[in-house]
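Undergrad: Questions regarding the structure given below will be posed in turn.
In the working numbering, the protein residues as written are 112 to 224.
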């Protein structure tokens, strides 16, 4: 339909699956940042943690970026799912209303449905 309110849930699922696949590098970045952060203990020398603390601060700032991108993508995907569900439910509701108002259209010549 060209009324702007019709969606194809199967196509929406396909788009979301593609977004999920394309998001895998972001997930890998978050994991890599966590792995690098875990190695900060290697930077403690003679009880001094200046390098370790600096490394931790550096990675904390950089690991926020892919994490925030993942949050934005996940929120957008959730909104798409909710919108698709609402439109599909609305389509079903409108169809039921039309059928109730036009039930005579479905009655055959013998008065039965």
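Note that CB positions come from ideal geometry on N, CA and C, so glycine has one too. Owing to the predicted nature of the structure, the values given are computational and were not obtained by experimental measurement.
(1) To the nearest angstrom, how far is the alpha carbon of residue 190 from that of residue 145?
(2) Please list the segments of the alpha helix (DSSP H) lying wholly inside the region 118-148, counting only runs of 4 or more residues, in order along the chain.
(3) Flag this pair as touching only if the region 116-132 and the region 148-166 have three or more C-beta atom pairs under 8 Å; answer yes or no.
(4) Enumerate in chain order the residues of its own chain whose CB-to-CB distance from residue 155 is below 7 Å, with the five nearest sequence positions on each side excluded.
(5) Looking only at its own chain, which residues have a Cβ that is under 7 Å from the Cβ of residue 173, when we skip the five neighbours before and after it?
(6) Within a Cβ cutoff of 8 Å, which residues of the same chain sit near residue 112, ignoring the five residues on either side of it in sequence?
(7) The alpha helix (DSSP H) spanning residue 192 covers which residue range?
(8) Just the C-alpha distance for residue 87 and residue 139, rounded to the nearest angstrom, thanks.
TA: Result, derived from the coordinates:
(1) Numbered from 1 along the chain shown, position 79 holds the residue referred to as residue 190. Numbered from 1 along the chain shown, position 34 holds the residue referred to as residue 145. Their backbone Cα atoms lie some 28 Å apart in a straight line.
(2) 120-133
(3) no
(4) As a working mapping, residue 155 is identified with position 44 in the chain shown. The answer, listed in chain order, is 163.
(5) Within the chain shown, numbered from 1, the residue matching residue 173 stands at position 62. These residues qualify, in order along the chain: 144.
(6) Indexing the chain shown from 1 puts residue 112 at position 1. Its pLDDT being 44, under 50, residue 112 is placed unreliably by the model, and the measurement read from it follows with that caveat. Closer than 8 Å at the Cβ level, and outside the excluded window around residue 112, lies no residue.
(7) Taking the chain shown and counting its residues from 1, the one referred to as residue 192 is at position 81. Unbroken alpha helix (DSSP H) run through residue 192: 161-212.
(8) Here the chain has residues from 112 to 224 only, and residue 87 is not among them.
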